[in-house]
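Enquirer: I'd like to ask some things about the structure below.
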Amino acid sequence: TQLLEQSPQFLSIQEGENLTVYCNSSSVFSSLQWYRQEPGEGPVLLVTVVTGGEVKKLKRLTFQFGDARKDSSLHITAAQPGDTGLYLCAGEGGTSYGKLTFGQGTILTVHP
Amino acid sequence: GAVVSQHPSRVICKSGTSVKIECRSLDFQATTMFWYRQFPKQSLMLMATSNEGSKATYEQGVEKDKFLINHASLTLSTLTVTSAHPEDSSFYICSASWGGRNQPQHFGDGTRLSIL
Chain B
981 TQLLEQSPQF
991 LSIQEGENLT
1001 VYCNSSSVFS
1011 SLQWYRQEPG
1021 EGPVLLVTVV
1031 TGGEVKKLKR
1041 LTFQFGDARK
1051 DSSLHITAAQ
1061 PGDTGLYLCA
1071 GEGGTSYGKL
1081 TFGQGTILTV
1091 HP
Chain U
1366 GAVVSQHPSR
1376 VICKSGTSVK
1386 IECRSLDFQA
1396 TTMFWYRQFP
1406 KQSLMLMATS
1416 NEGSKATYEQ
1426 GVEKDKFLIN
1436 HASLTLSTLT
1446 VTSAHPEDSS
1456 FYICSASWGG
1466 RNQPQHFGDG
1476 TRLSIL
């Protein structure tokens, strides 16, 4: 069974601060996806990383895939209240072809 | 692109009722659809994977006779919660993918099911 440990579970910060969310596993993933979900809605895909060591940027969000493809991070620079939401990492790989293994999620609250 | 529509968005019904939830891929053909359950402030828990034209594959601990899944076409999958009870109350979310490795899943907006 593949597990994806996501941390922290809760993050409450002030507008303008930086933050990093981590996802770690002992398993190798062929790809890792990051989603953002707002209450009462489905998750929205932010990015997919595929190559070990890959770094992708989406405005103030920076996503990194570990060299060994076992871990990933999401870094947000100068957080804004609009960044508030549930962030989920999800990995695909191994025997779970096509299926995603989700991390526990990080509830981010950015206070104005 | 890659829009997934889920209907209904909210259902409130009495215990013992069967409830059907639809998941449609509006602008692409979804070889595979997934059904998840989510409790408040928690992550998504995969219930089953359905491939068009074949039986769904259920995760361990998910009762296939309780949660009936049909994926009759490349754009539609349905989840029927049979004889629902209060403990079945939850947020159910579907996702669709056009298949293949490293292809993203596109999620519907979920269905809030409340059993009285």
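So the protein sequences, as listed, match chains B and U.
With this note's numbering as the guide, the letters of the first sequence map in order to residues 981 to 1092.
With this note's numbering as the guide, the letters of the second sequence map in order to residues 1366 to 1481.
Glycine included, every Cβ here is placed at the ideal spot set by N, Cα and C.
(1) Would you say H1471 (chain U) lies against chain B (beta-carbon separation less than 9 Å)?
(2) Can you round the beta-carbon distance between L999 (chain B) and L1012 (chain B) to whole angstroms, since I take them to be within the 8 Å contact cut?
(3) Note down, in chain order, all residues in the region 1068–1091 of chain B with a beta-carbon under 7 Å from any beta-carbon belonging to chain U.
(4) How would you call V1090 (chain B), buried or exposed, if buried means at least 16 neighbouring beta carbons within 10 angstroms?
(5) Does the contact criterion of 3 or more C-beta pairs under 8 Å hold for the region 1408–1416 of chain U versus the region 1432–1446 of chain U?
(6) Could you check whether the region 1375–1382 of chain U touches the region 1391–1409 of chain U, counting it as contact only if at least three pairs of C-beta atoms, one from each stretch, sit closer than 8 Å?
(7) Evaluate S1448 (chain U) with the Cβ neighbour count: other Cβ atoms within 10 Å of its Cβ, from every protein chain shown; 16 or more gives buried, anything less gives exposed.
(8) If the cut is a Cβ gap below 7 Å, which residues of chain B does D1474 (chain U) touch?
(9) How about T1443 (chain U) and L1391 (chain U): do their beta carbons lie closer than 9 Å?
(10) Can you tell me where the beta strand (DSSP E) with W1400 (chain U) in it begins and where it stops?
Expert: Taking the coordinates as given:
(1) yes
(2) Rounded, the Cβ-Cβ distance is 18 Å, inconsistent with contact.
(3) L1068, E1072, Y1077, G1078, K1079, L1080, F1082, G1083, Q1084, G1085, I1087
(4) buried
(5) yes
(6) no
(7) exposed
(8) E1021, G1022
(9) no
(10) 1397–1403
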